[in-house]
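Here the structure comes first, spelled out in structure tokens, and everything after it is commentary.
Protein chains: 2
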Amino acid sequence: MWTPRPPANCRDSVACEGCDIRGLALFADLTDADLSLEPAIEDVRLPAGATLYRAGDPGAVIYTVREGLLKLEQYLPDGTRRIVSLLRRGHVVGLEATVFDTYEHTAIALHDARLCRLPIGIINRLSEKLHPQLMKKWHESVLQAHECTRDLATGSARRRIARLFLTLAPPDAGSCRLFGREDVGAVLGVTMETASRAVTDLKKSGAVRETGPNLFERDLAVLERIAAEG
Amino acid sequence: MWTPRPPANCRDSVACEGCDIRGLALFADLTDADLSLEPAIEDVRLPAGATLYRAGDPGAVIYTVREGLLKLEQYLPDGTRRIVSLLRRGHVVGLEATVFDTYEHTAIALHDARLCRLPIGIINRLSEKLHPQLMKKWHESVLQAHECTRDLATGSARRRIARLFLTLAPPDAGSCRLFGREDVGAVLGVTMETASRAVTDLKKSGAVRETGPNLFERDLAVLERIAAEG
DNA sequence: CGGGAGCTTGAGGAGGATCAAATCATGTGG
DNA sequence: CCACATGATTTGATCCTCCTCAAGCTCCCG
């Protein structure tokens, strides 16, 4: 049940100026001059399965996903686990730390991930300049949450997982990495066994082809047909 | 399928200074002096069933719910309707208009509602002073969305509707108003028939007692037991 | 080679979808 | 005031999906 924290040694200082996702990031609007006034942003490497933070932890830092995939999970009173959001490249993790003193979810990497670590001190100091981007990132968080309800918690398991495959990677991406069946179940709101059977089913339908462990080639047309009805 | 727009005559100018939900509202931090510089805020009355705005409409105004209940709905490619959020007193509707040029959802009143109408011009003009409250409201929107996934789209229909009853009104509220079964189904991700049967089931279990049309008295202890595992 | 974790597969039963019909509530016109 | 039309809700019957429990399988690692 317990996943280790990322060891301290997977952090690194990096320069924002040349960041490959600067256009997507919170700091998109800042000038190099703005950035030069701030201490260097740390780069966090988070291996698949590692926990970034837990629900209830005091939140003093937010993150931007550079690479990889993270899940946000919460527990129901009866202990049921539910994944309420999947976060990809460009998404911000832990935004609630800017408003509230603890994190709302447990954030765990589903694929090996790289993140920018942004202490909220910096965010507050630059809040005026960051305002438009902050709002955009909040907006993204809401969109992401609604996507989970709308696409991944509606219809049959077959349809849900077809939609998951469609959102897991951009349409032009050659291949598409999935994750453990237990987690697939927790995103779709079904059991692990149903998730497994649904994946098998998509393979048989020719909607996806497994080219490696949890690595799939997708037939977008077939996936879309299934996602929409059947 | 079509619901009429609110007629223009259900608007009224009101003074924010004495607003009964000012503590909950976006303008909580503003002084009376700040407010006196702004044109009066309009009060919108929205009868149950009426549409506030539709997905794709150009968004030039956001709303605060003073009273009543609203749903945010979206459609899947196949036409399936899904309610992705329920908004109550104090919640903000249409926040995305501050970031994007159109609304993301269709917003419809489930109960008779009263809202403050806030043109985004005002929001932008006061954005600096509003910044902390805006962030709080975004945060609320995210919480609300995650609640929908976590509580209302997980487990059996019986458990889902028990949780719906628990969130529909504060614990100390004497009674609790429900809404049409079609909509109950769209919130829970089940059919209307299943929603109807689940309500009947809760009545038989003594978890709720119908005291009028769609008006219920709740037994919180029983509801919580059912919500957690039954 | 043995063990474990994650994944798949199977059989049976419960729960939800679907289609259809009955009931209830409301409003309208005679 | 009643008869009737309309729409929402409830109930019923049947089928299909998904859950549950259990057993096998595969891959990786010691």
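First to last, the sequence lines map onto chains E and L.
Start counting the first sequence at -6; every next residue gets the next number (our numbering).
Start counting the second sequence at -6; every next residue gets the next number (our numbering).
The beta carbon of each residue, even a glycine, is placed where N, CA and C say it ideally should be.
- Spatial neighbours of S189 (chain E) in its chain, beta-carbon cut-off 7 Å, leaving aside the 5 residues before and after: Here residue 189 (chain E) corresponds to residue number 196 of the first sequence, with the count starting at 1. The residues are R174.
- Report the option in L:D94, L:L79, L:A102 whose CA atom is closest to the CA atom of Q137 (chain L). On the second sequence, position 144 is the one that residue 137 (chain L) refers to. For the set L:D94, L:L79, L:A102, the Cα lying nearest the Cα of Q137 (chain L) is the one of L:L79.
- Message: Using C-beta distances below 8 Å, list every residue in its chain close to K122 (chain E), excluding the 5 sequence neighbours before and after it, in chain order.
- Response: For the purposes of this step, residue 122 (chain E) is taken as the residue at position 129 of the first sequence. Same-chain partners within the cutoff: D22, L23, D27.
- Going by DSSP, which residues form a beta bridge with L111 (chain E)? Within the first sequence, numbered from 1, the residue matching residue 111 (chain E) stands at position 118. According to the DSSP secondary-structure assignment, L111 (chain E) is paired through a beta bridge with E:I55.
- Query: Could you give the residue range of the alpha helix (DSSP H) that holds V92 (chain L)?
  - Reply: Position 99 of the second sequence, counted from the start, is the residue given in the question as residue 92 (chain L). Segment: none, V92 (chain L) is in no alpha helix (DSSP H) and carries neither H nor E.
- Could you give the distance in angstroms between the alpha-carbon of R153 (chain E) and the alpha-carbon of L111 (chain L)? Within the first sequence, numbered from 1, the residue matching residue 153 (chain E) stands at position 160. Within the second sequence, numbered from 1, the residue matching residue 111 (chain L) stands at position 118. Roughly 37 Å between the two C-alpha positions.
- Name, in chain order, the residues that DSSP records as bridge partners for Q137 (chain L). As a working note, residue 137 (chain L) is residue 144 in the second sequence. Looking at the DSSP assignment, Q137 (chain L) forms no beta bridge with any residue, so it has no partner.
- In terms of residues, what are the limits of the alpha helix (DSSP H) holding E186 (chain E)? Indexing the first sequence from 1 puts residue 186 (chain E) at position 193. First-last of the alpha helix (DSSP H) with E186 (chain E): 185 to 198.
- Query: Under three-state DSSP, which class holds T(-4) (chain L)?
  - Reply: Within the second sequence, residue -4 (chain L) is the residue found at index 3, counting from 1. Note on T(-4) (chain L): pLDDT 40, under 50, position unreliable in the model; the coordinate value appears next. Correct three-state label for T(-4) (chain L): coil.
- Item | Positions along the region 127 to 138 of chain L whose CB lies within less than 8 Å of some CB in chain E | Under the 8 Å Cβ criterion, the region 127 to 138 of chain L contributes L127, M128, K129, W131, H132, S134, V135, L136, A138.
- Task: Out of E:L216, E:I116, E:Q126, state which residue places its alpha-carbon closest to the alpha-carbon of R151 (chain E).
- Result: Reading the first sequence from its first residue, position 158 is the one you call residue 151 (chain E). Among E:L216, E:I116, E:Q126, the Cα nearest to that of R151 (chain E) is on E:L216.
- Go ahead and pull the three-state DSSP assignment for D210 (chain E). Reading the first sequence from its first residue, position 217 is the one you call residue 210 (chain E). With the sequence shown as reference, residue 210 (chain E) is identified as Glu, and Asp is not the correct amino acid for it. When DSSP states are grouped into helix, strand and coil, E210 (chain E) belongs to the strand group.
- With distances taken from CA atoms, which of E:Y56, E:E60, E:L17 is nearest R170 (chain E)? By one-based count along the first sequence, residue 170 (chain E) stands at place 177. In this structure, E:E60 is the residue among E:Y56, E:E60, E:L17 with its C-alpha nearest to the C-alpha of R170 (chain E).
- Message: Taking 9 Å as the threshold (beta carbon to beta carbon), is F158 (chain L) in contact with chain E?
- Response: As a first step, residue 158 (chain L) is located in the second sequence; it is residue number 165 there, counting from the start. Nearest CB-CB separation between F158 (chain L) and chain E: not below the 9 Å threshold.
- Quickly, what does DSSP pair R82 (chain L) with across the bridge? List them, please. By 1-based counting over the second sequence, the position of residue 82 (chain L) is 89. Partner(s): none; R82 (chain L) has no beta bridge.
- Query: Taking all protein chains shown into account, do 16 or more other C-beta atoms lie within 10 angstroms of the C-beta of P(-3) (chain E), making it buried, or fewer, making it exposed?
  - Reply: The residue labelled residue -3 (chain E) in the question sits at position 4 within the first sequence. Note that P(-3) (chain E) has pLDDT 42, beneath the 50 cutoff, so the model's placement of it is unreliable and the number below is only indicative. An exposed status is given to P(-3) (chain E), since fewer than 16 other beta-carbon atoms sit within 10 Å of its beta-carbon.
- Query: Are the C-beta atoms of A188 (chain L) and some chain E residue less than 9 Å apart?
  - Reply: Mapped onto the second sequence, residue 188 (chain L) falls at position 195. Taking a beta-carbon distance threshold of 9 Å, A188 (chain L) does not count as an interface residue toward chain E.
- Task: Consider the Cβ of V77 (chain L): report whether some Cβ of chain E lies at a distance smaller than 9 Å.
- Result: Walking along the second sequence from the start, residue 77 (chain L) turns up at place 84. V77 (chain L) counts as touching chain E.
- Message: With three or more beta-carbon pairs closer than 8 Å as the criterion, would you say the region 138 to 148 of chain L touches the region 91 to 108 of chain L?
- Response: Touching, no, given that fewer than three Cβ pairs across the two stretches are closer than 8 Å.
- Mark S29 (chain L) as exposed unless 16 or more other C-beta atoms lie within 10 angstroms of its C-beta, in which case mark it buried. As a working note, residue 29 (chain L) is residue 36 in the second sequence. S29 (chain L) is exposed by the Cβ-count criterion.
- Task: With a threshold of 16 other CB atoms inside 10 Å of the CB of T147 (chain L), please say whether the residue is buried or exposed.
- Result: Mapped onto the second sequence, residue 147 (chain L) falls at position 154. With at least 16 other beta carbons inside 10 angstroms of its own, T147 (chain L) counts as buried.
- Any idea which residues DSSP pairs V201 (chain L) with across the strands? Counting from 1 along the second sequence, the entry for residue 201 (chain L) is found at position 208. Under DSSP, V201 (chain L) takes part in a beta bridge, and its partners are L:R211.
- Message: Short of 7 Å in beta carbon distance, which residues of its chain neighbour E31 (chain L), apart from the five on each side in sequence? Order them along the chain.
- Response: Translated into positions along the second sequence, residue 31 (chain L) becomes position 38. So the list reads I115, once near-sequence residues are dropped.
- the ligand SAM heavy atoms versus the CB of D36 (chain E): any closer than 8 Å? For the ligand SAM, the structure offers nothing, since it holds no ligand at all.
- Using a Cβ-Cβ cut-off of less than 9 Å, give me the residues of the region 146 to 176 of chain L that come near chain E, in sequence order. So the close ones are A146, T147, G148, R152, R156.
- Item | Residues sharing a beta bridge with L39 (chain E), DSSP | As a position in the first sequence, residue 39 (chain E) is number 46, starting the count at 1. E:A106.
- Neighbour list for F93 (chain E) in chain L, Cβ cutoff strictly below 8 Å: Taking the first sequence and counting its residues from 1, one reaches residue 93 (chain E) at position 100. Those are H132, listed as they occur along chain L.
- Distance CB(T160 (chain L))-CB(L145 (chain L)) smaller than 9 Å: Here residue 160 (chain L) refers to the residue found at position 167 when the second sequence is read from its first residue. Here residue 145 (chain L) refers to the residue found at position 152 when the second sequence is read from its first residue. Yes; because the gap between Cβ atoms is below 9 Å, this pair is in contact.
- Item | Residue(s) in a DSSP beta bridge with A100 (chain E) | Along the first sequence, read from residue 1 onward, the residue named residue 100 (chain E) stands at position 107. In DSSP, A100 (chain E) forms a bridge with E:Y46, E:L65.
- Message: Is there a C-beta anywhere in chain E that falls below 9 Å from the one on D22 (chain L)?
- Response: The sequence position of residue 22 (chain L) within the second sequence is 29, counting from 1. No - not a single Cβ of chain E is within 9 Å of the one on D22 (chain L).
- Which one of E:F20, E:P51, E:T91, E:E133 has the shortest CA to CA distance from K129 (chain L)? In the second sequence, the residue the question calls residue 129 (chain L) occupies position 136. Nearest Cα to K129 (chain L) within the set E:F20, E:P51, E:T91, E:E133: E:T91.
- Item | Supposed close pair A18 (chain E), T57 (chain E) - CB separation, criterion 8 Å | As a working mapping, residue 18 (chain E) is identified with position 25 in the first sequence. As a working mapping, residue 57 (chain E) is identified with position 64 in the first sequence. Indeed, because the Cβ distance is near 5 Å, the residues count as touching under 8 Å.
- Query: Can you name, in chain order, every residue of its own chain whose Cβ lies under 8 Å from the Cβ of I113 (chain L), other than the five neighbours on each side?
  - Reply: For the purposes of this step, residue 113 (chain L) is taken as the residue at position 120 of the second sequence. Its chain contains G52, A53, V54, I55, A90, T91 as the residues whose beta carbon lies nearer than 8 Å to that of I113 (chain L), once the 5 sequence neighbours on both sides are disregarded; these appear in chain order.
- Query: DSSP three-state call for R15 (chain L): helix, strand or coil?
  - Reply: If you number the second sequence from 1, residue 15 (chain L) lands on position 22. Here DSSP, grouped into helix, strand and coil, assigns R15 (chain L) to coil.
- Does DSSP classify S29 (chain L) as helix, strand or coil? Position 36 of the second sequence, counted from the first residue, corresponds to residue 29 (chain L). In this structure, S29 (chain L) counts as helix in the three-state DSSP scheme.
- Query: So, does the CB of D50 (chain E) fall closer than 9 Å to a CB anywhere in chain L?
  - Reply: To locate residue 50 (chain E), count along the first sequence from 1; it is residue 57. Interface criterion not met: the Cβ of D50 (chain E) is under 9 Å from no Cβ in chain L.
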